[in-house]
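*Asks:*
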Amino acid sequence: MSKHILIADDDAQIRDVLRIALGQAGFETTEVEDGKAAMAACARAMPDLVVLDIGMPEMDGLAVCRELRKSSEVPILFLTAQGDEIDRVVGLELGADDYVPKPFSPREIIARIRAILKRSGKTEAPTATLKRGTLEIDPDRHLARVGDNSITLTAREMELVSTLMRRPDHVMPRPTLVDAVYGTNIHVSDRTMDSHLRNLRAKLSEAGCDDAIETVHGVGVRMGPCSGA
């Protein structure tokens, strides 16, 4: 079974980026926006790891960590504001396993989580194969096919289509999609993203699936029915 990660942060955009990145990496997620909700979610869902923002309303991350450590050894990864060395030190002294300063790269978050889970003996299951109509994606093995036709994708194209397939009926805004594929601290122009989408559409269409990616004008991009081939 995939591992369950609790995301506790009062910034909705950060929760979106983490949910998408963790889902793409094969994790299940639950999101909350304050410390009290984080405590309730831990009691209810018993996550395998908690990503915990220090600066939250109601009950800050340090207080949540302090309370959790009274009865639980669940791994905790802190998100801290840039330069808040004191909070990081206090968090580690309270029993946190690691910390990542903001702004962060989703790839770094995934790497830190995997390292923590490995140290704690809670490694996650391989990423599941993703299917949508006739399109099938195996992110772990970097394989893609439409029916019997294999498709050669670049690393960016694989990340892009995997991200969209994680939430196939959800329209994903361009900024959220860019953050999920490239990370939050990298500037990517609209022209670059358009180029990746155009190339991905062309490859899928050539393989027999010309309705794989839909643009919702003024909103974003989502997976189509992939009914070809």
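Straight run, no breaks: the sequence shown in the numbering used here ends on number 876.
For every residue, glycine included, the Cβ atom is placed at its ideal position computed from N, Cα and C.
Just so we're clear, the structure is a prediction, and the values are computed from it rather than from any experiment.
1. Helix, strand or coil: which one does DSSP assign to valine 721?
2. Identify every residue that forms a DSSP beta bridge with proline 748.
3. Take the Cβ of threonine 727 as the centre, count every other Cβ of all protein chains shown within 10 Å, and call the residue buried at 16 or more, exposed below.
4. Starting from the C-beta of glycine 670, find all residues in its chain whose C-beta is less than 6 angstroms away, skip the five residues before and the five after it, and write them out in chain order.
5. Give me whichever residues DSSP pairs with lysine 765 in a beta bridge.
6. Looking only at C-alpha atoms, which of Val793, Ile667, Val868, Leu696 sits nearest to alanine 743?
7. Across which residues does DSSP place histidine 651 in a beta bridge pair?
8. Apart from the five residues just before and just after isoleucine 757, which ones in its own chain have a Cβ nearer than 8 angstroms to its Cβ?
9. Taking the continuous beta strand (DSSP E) assigned at glycine 867, which residues delimit it?
10. Rounding to the nearest angstrom, what Cα-Cα distance links serine 597 and glutamine 660 in this structure?
11. Tell me whether the segment 816-824 and the segment 790-800 touch, counting them as touching only if at least three CB pairs, one residue from each stretch, are closer than 8 angstroms.
12. Taking just the CA atoms, how far does alanine 827 sit from leucine 665?
13. Quick one: using the 10 Å Cβ neighbour count with 16 as the cut-off for buried, is histidine 864 buried or exposed?
14. Since leucine 709 contacts leucine 739 with CB under 8 angstroms, what's their CB separation in whole angstroms?
15. Determine, using beta-carbon pairs with one atom in the segment 778-788 and one in the segment 682-692, whether at least three such pairs fall under 8 angstroms.
16. Have a look at alanine 877 and methionine 870 and give me their C-alpha separation to the nearest angstrom.
17. Just curious, the alpha helix (DSSP H) that serine 808 is in, first and last residue?
*Replies:* By the coordinates alone:
1. Taking the sequence shown and counting its residues from 1, one reaches residue 721 at position 74. In this structure, valine 721 counts as coil in the three-state DSSP scheme.
2. As a first step, residue 748 must be located in the sequence shown, where it is residue number 101. Beta-bridge pairing links proline 748 to Thr727.
3. Here residue 727 corresponds to residue number 80 of the sequence shown, with the count starting at 1. Label assigned to threonine 727: buried.
4. Reading the sequence shown from its first residue, position 23 is the one you call residue 670. Contacts found: Arg813.
5. By one-based count along the sequence shown, residue 765 stands at place 118. In DSSP, lysine 765 forms no bridge with anything.
6. Within the sequence shown, residue 743 is the residue found at index 96, counting from 1. Nearest C-alpha to alanine 743: Leu696.
7. For this step, residue 651 is matched to residue 4 along the sequence shown. Answer is Glu675.
8. As a position in the sequence shown, residue 757 is number 110, starting the count at 1. Hits under 8 angstroms: Ala668, Leu669, Ala672.
9. Residue numbering aside, residue 867 sits at position 220 when the sequence shown is read from its first letter. Here the beta strand (DSSP E) through glycine 867 covers 867-870.
10. The requested residue 597 is not part of the displayed model; the chain covers only 648 to 876.
11. no
12. Within the sequence shown, numbered from 1, the residue matching residue 665 stands at position 18. Within the sequence shown, numbered from 1, the residue matching residue 827 stands at position 180. The straight-line gap from Cα to Cα measures roughly 8 angstroms.
13. The residue given as residue 864 occupies position 217 in the sequence shown. When all chains shown are included, histidine 864 counts as exposed.
14. For the purposes of this step, residue 709 is identified with residue 62 of the sequence shown, where counting begins at 1. For the purposes of this step, residue 739 is identified with residue 92 of the sequence shown, where counting begins at 1. Going by Cβ atoms, the distance from leucine 709 to leucine 739 rounds to 11 angstroms, so no, they are not a contact pair.
15. no
16. The question about residue 877 has no answer, for the chain in this structure spans 648 to 876.
17. As a first step, residue 808 is located in the sequence shown; it is residue number 161 there, counting from the start. A quick correction: the sequence has valine, not serine, at residue 808. Taken as a continuous stretch (DSSP letters only), the alpha helix (DSSP H) holding valine 808 covers 802-813.
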